[in-house]
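Chemist: Residue numbering for the sequence shown follows full-length UniProt numbering, beginning at 1 and increasing consecutively.
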Amino acid sequence: MMENSPIPIDLDHLRRSCGSCALHELCLPAGIGTDDLELLDATVHDKRALDRGKTLFRQGESFHALYVVRSGSLKSFVESAGGDLQVLGFHLPGEIVGIDGLTSDHHMCSAEALERTSICELPYAQLQHVTGAVPALHRQLMRVVSREMVAEHEHMVMMGRQQAQERLAIFLQGLAVRYARLSRDPATLTLPMSRYDIANYLGLVMETVSRLFSRMEAAGILSVNRKAVRILRPDLLAELCGQSGTPYADHAD
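(1) Could you check the C-alpha separation between Arg-116 and Pro-234 for me, to the nearest Å?
(2) Between which two residues does the beta strand (DSSP E) containing Glu-239 stretch?
(3) My guess is that Ser-73 and Phe-90 are in contact by the Cβ rule of under 8 Å, so how many angstroms apart are they, rounded?
(4) Work out the CA separation of Glu-61 and Tyr-196 for me, nearest whole Å.
(5) Apart from the five residues on each side of it in sequence, which residues of its chain come closer than 6 Å, Cβ to Cβ, to Gly-98?
(6) Taking the alpha-carbon positions, what's the Leu-102 to Gly-220 distance?
(7) Return helix, strand or coil for His-91, following the three-state DSSP convention.
(8) At 3 residues or longer, and completely inside the segment 74-124: list those beta strand (DSSP E) runs for me, N to C.
(9) Between which two residues does the beta strand (DSSP E) carrying Ser-71 extend?
(10) Nearest-angstrom Cα distance between Ile-170 and Arg-139?
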């Protein structure tokens with residue numbers, strides 16, 4: 001009796017599938033079954049890389065998909081008719097980009113890679129079908145969308161703070177929380193964005209941001225080496241934010 005021939009394994013697909021992705025726990029609901037994973041894998045239209053400075057989508061373009069950042073980072077921004085830019089946010093692995101297009105079927109902002117970045121494209125029409133068939137995935141998507149809305153609200157609150165140092169402290173602490181969510185060391189930050197982008201996002205001038213980094217380093221709160229920032233005193237950083245304790249402690253390993 002002849003033995004059955006082994007079924008060939010598509011290793012390339014396995015590496016690209018949602019089930020084998022390192023972001024599985026961030027993007028997908030707990031306990032999602034094999035059949036549902038296969039359905040979702042069939043929905044992911046494209047997994048591709050963007051070089052630094054390349055645009056994922058542009059302000060005014062038609063909306064047709066949501067995007068999950070797999071690695072690297074993006075910034076979103078709007079551009080006025082006069083050419084002035086306003087940075088709206090920075091997006092890390094596990095976060096969804098493109099939600100701005102849900103309201104008008106056109107993107108209200110642009111998204112650009114801050115470094116070499118890989119993304120998963122989820123065509124929205126197909127995604128609606130899958131989330132209708134997998135209620136747990138729909139709830140997860142709503143949770144992620146809600147998180148983006150909360151981040152936008154927090155940014156508005158931060159912009160209402162009059163002290164420039166407080167704005168920068170809240171920004172750094174927010175990054176630490178997001179690092180912890182990714183199981184990264186929340187005290188060791190790598191800032192892929194420029195000082196200009198940070199200043200623009202915080203409503204400050206670049207010289208002020210540079211001066212604030214130096215001041216916080218002199219106070220022993222941070223250690224700064226270009227884009228590498230080490231939080232030495234998270235308690236003092238929290239105090240600058242008007243808080244106590246370290247809000248990312250519960251997320252850290």
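Glycine is no exception: its CB is placed at the ideal position from the N, C-alpha and C atoms. This structure is a prediction, so every number in the text was calculated from the model and none was measured.
Modeler: Walking through what the data contain:
(1) For the purposes of this step, residue 116 is taken as the residue at position 116 of the sequence shown. For the purposes of this step, residue 234 is taken as the residue at position 234 of the sequence shown. Approximately 29 Å, taken between the alpha carbons.
(2) Counted from its first residue, the sequence shown places residue 239 at position 239. Unbroken run through Glu-239 is the alpha helix (DSSP H), 234-240; no beta strand (DSSP E).
(3) For this step, residue 73 is matched to residue 73 along the sequence shown. For this step, residue 90 is matched to residue 90 along the sequence shown. Rounded to the nearest angstrom, the Cβ distance from Ser-73 to Phe-90 is 6 Å, consistent with a contact under 8 Å.
(4) Here residue 196 corresponds to residue number 196 of the sequence shown, with the count starting at 1. Here residue 61 corresponds to residue number 61 of the sequence shown, with the count starting at 1. Rounded to the nearest angstrom, the two C-alpha atoms are 26 Å apart.
(5) Locating residue 98 in the sequence shown gives position 98, counting from the first residue. Within the same chain, Gly-98 has close Cβ partners Leu-66, Tyr-67.
(6) Translated into the one-based positions of the sequence shown, residue 102 becomes position 102. Translated into the one-based positions of the sequence shown, residue 220 becomes position 220. Approximately 44 Å between the Cα atoms of the pair.
(7) As a position in the sequence shown, residue 91 is number 91, starting the count at 1. In the structure shown, His-91 sits in a strand (DSSP, three-state: E or B).
(8) Listed in chain order, the beta strand (DSSP E) elements of length 3 or more contained wholly in the segment 74-124 are 74-79, 85-91, 110-113, 117-123.
(9) Locating residue 71 in the sequence shown gives position 71, where the first residue counts as 1. Per DSSP, Ser-71 belongs to the beta strand (DSSP E) from 65-71.
(10) Within the sequence shown, numbered from 1, the residue matching residue 170 stands at position 170. Within the sequence shown, numbered from 1, the residue matching residue 139 stands at position 139. Answer to the nearest angstrom: the Cα atoms are 29 Å apart.
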